[in-house]
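*Asks:*
Residue numbers (full-length UniProt numbering): 1 to 117.
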């Protein structure tokens, strides 16, 4: 999902954190700190998409951060590794319009996914 940015744009990482595990306690407070540090966009980690099972709260996190803090939110950071893509495809994890939309920013071509294995 970082691929949405032009290589000509200089990006600065101003913070990162975990969700703090279920139910995601850090999601309520961490964005405020990131914004204080200059964040203009918050990316939710690709790990929330590829875990077994994927995070069931990812859309709640997305909606909460966007609504509460008025900041752009992107689901994903890096491309989905091919091994995770294959497993989730076999399991049917992402076989719904909702999940197809969620994984779109991290869905690279197979060559790129293989390079992330």
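All C-beta atoms, glycine included, are put in the ideal place defined by N, C-alpha and C.
#1: Taking the C-alpha atoms as reference points, what is the distance between residue 116 and residue 79?
#2: Keeping to the same chain, check which residues put their C-beta closer than 8 Å to that of residue 49; ignore five residues upstream and five downstream.
#3: Using CA coordinates, which residue listed in 9, 85, 4 is at the minimum distance from residue 53?
#4: Can you tell me which of the three DSSP states residue 88 falls into?
#5: Classify residue 68 as buried or exposed, calling it buried when 16 or more other Cβ atoms lie within 10 Å of its own Cβ.
#6: Going by DSSP in three states, residue 75 sits in which element: helix, strand or coil?
#7: Would you list the residues sitting across from residue 114 in a DSSP beta bridge?
#8: With DSSP collapsed to three states, give me the class of residue 41.
*Replies:* Answer, in terms of the structure:
#1: 7 Å
#2: 55, 58, 75, 76, 80, 102, 103, 106
#3: 85
#4: helix
#5: exposed
#6: strand
#7: Note: residue 114 sits in no beta bridge, so no partner.
#8: strand
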